[in-house]
Amino acid sequence: MGEFVNLTVSDGVGTIRLDRPKMNALNVQVQEEIRAAALEAAANDEVRAVVIYGGERVFAAGADIKEMADMSYADMVKRSGPLQSSLSAVAAIPKPTVAAITGYALGGGCELALCADYRIAAEDAKLGQPEILLGIIPGAGGTQRLSRLVGPSKAKDLIYSGRFVDAAESLQIGLVDKVVPAAEVYDAAVAWASQFSKGAAMALRAAKEAIDSGLGVDLATGLEIERTQFAALFATEDRTIGMKSFVENGPGKAEFKGK
Numbered sequence: 216m217g218e219f220v221n222l223t224v225s226d227g228v229g230t231i232r233l234d235r236p237k238m239n240a241l242n243v244q245v246q247e248e249i250r251a252a253a254l255e256a257a258a259n260d261e262v263r264a265v266v267i268y269g270g271e272r273v274f275a276a277g278a279d280i281k282e283m284a285d286m287s288y289a290d291m292v293k294r295s296g297p298l299q300s301s302l303s304a305v306a307a308i309p310k311p312t313v314a315a316i317t318g319y320a321l322g323g324g325c326e327l328a329l330c331a332d333y334r335i336a337a338e339d340a341k342l343g344q345p346e347i348l349l350g351i352i353p354g355a356g357g358t359q360r361l362s363r364l365v366g367p368s369k370a371k372d373l374i375y376s377g378r379f380v381d382a383a384e385s386l387q388i389g390l391v392d393k394v395v396p397a398a399e400v401y402d403a404a405v406a407w408a409s410q411f412s413k414g415a416a417m418a419l420r421a422a423k424e425a426i427d428s429g430l431g432v433d434l435a436t437g438l439e440i441e442r443t444q445f446a447a448l449f450a451t452e453d454r455t456i457g458m459k460s461f462v463e464n465g466p467g468k469a470e471f472k473g474k
């Protein structure tokens, strides 16, 4: 249990909750607590899907600029790797993940949301990568994950300008996947994650790895990744259960064990 970031589990859904008033600024301590929570969520077999949530007021307004302002080049050479890898630990959770975005998701907060598989935003949410306004660029995955998600032209527009994007535009360009009233964001995220609480955990893991790994390689290599993951699932108990249930009872009625 961290001071500012905690993991709670209910009915197969783990919630990584940021709680550093007032704006969930991502200082070094928060970054490392995010890493710890992500690793715990990945290792805990009771967690079948994960919600990343900053509370009713704000998701995360970005890095702690007061902490960064006095850092030298040498300081950031040392810190930039851990900064990036702390959020990448969320992207590496081998389970379905969803960001529940309220208020602001800016800079590092937007980069954290980009690490999720799916993003649900409040109607009044604002997202963006405003680092350029500080004379820097995104350093925790923004230039890479954003361009892969919305395409290079849209990513360049957002990163070059540093402008904030409202929920409607975020949905239009594919930065978020669903927009709901602010009061419904967390419940909507839990509902999405709950779809997988009794799913075929090994198959979900394989699907995520095949998609994510395939994005960075050519088609032939991606197809080989898919083939390997597909064949490996024939060694799982869930595959046996799923196919037997389909033959005997039709689709969608299997009771998986996650093994």
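Just so we're aligned: the sequence shown equals residues 216 to 474 in this note's numbering.
Built from N, CA and C at the ideal position, the CB exists for glycine as well.
Would you identify the three-state DSSP class for residue i, choosing helix, strand or coil?
i: Ser303; result: helix
i: Ile351; result: coil
i: Val394; result: strand
i: Thr285; result: Reading off the sequence, residue 285 comes out as Asp, not Thr. Coil, per DSSP.
i: Ser412; result: coil
i: Asn239; result: coil
i: Val262; result: coil
i: Lys459; result: helix
i: Thr358; result: helix
Assuming residue i and residue j form a contact by the criterion Cβ under 8 Å, report the distance between their Cβ atoms to the nearest whole angstrom.
i: Ala307; j: Ala328; result: Not a contact, Cβ separation roughly 16 Å.
i: Glu326; j: Arg360; result: 7 Å
i: Ala253; j: Pro309; result: Wrong, their Cβ atoms sit about 11 Å apart, outside the cutoff.
i: Ile249; j: Leu302; result: 7 Å
i: Val405; j: Val228; result: 6 Å
i: Ala340; j: Ile316; result: 5 Å
Please state whether the Cβ-Cβ distance between residue i and residue j is less than 7 Å.
i: Lys393; j: Ile456; result: no
i: Val391; j: Ala403; result: no
i: Ile388; j: Val365; result: yes
i: Glu338; j: Ala382; result: yes
i: Pro311; j: Phe445; result: no
i: Val266; j: Ala408; result: yes
i: Ser460; j: Lys468; result: yes
Residues in its own chain within less than 7 Å of residue i by CB, not counting five upstream and five downstream?
i: Ala275; result: Leu233, Asn239, Leu241, Gly269, Ala320, Gly323, Gly324 and Leu327
i: Pro236; result: none
i: Glu255; result: Leu222
Give every residue of the same chain whose Cβ lies closer than 6 Å to the Cβ of residue i, excluding the five residues on either side of it in the sequence, and list them in chain order.
i: Gly277; result: Leu321, Gly322, Gly323 and Gly324
In chain order, what residues of the same chain lie with their CB nearer than 8 Å to the CB of residue i, ignoring the 5 residues before and after it?
i: Arg363; result: Leu430
From the DSSP secondary-structure annotation, give me the bridge partner or partners of residue i.
i: Ala315; result: Tyr268 and Ile335
i: Ile426; result: DSSP, once it has assigned bridges, lists no residue as partnering Ile426.
i: Ala278; result: Leu241
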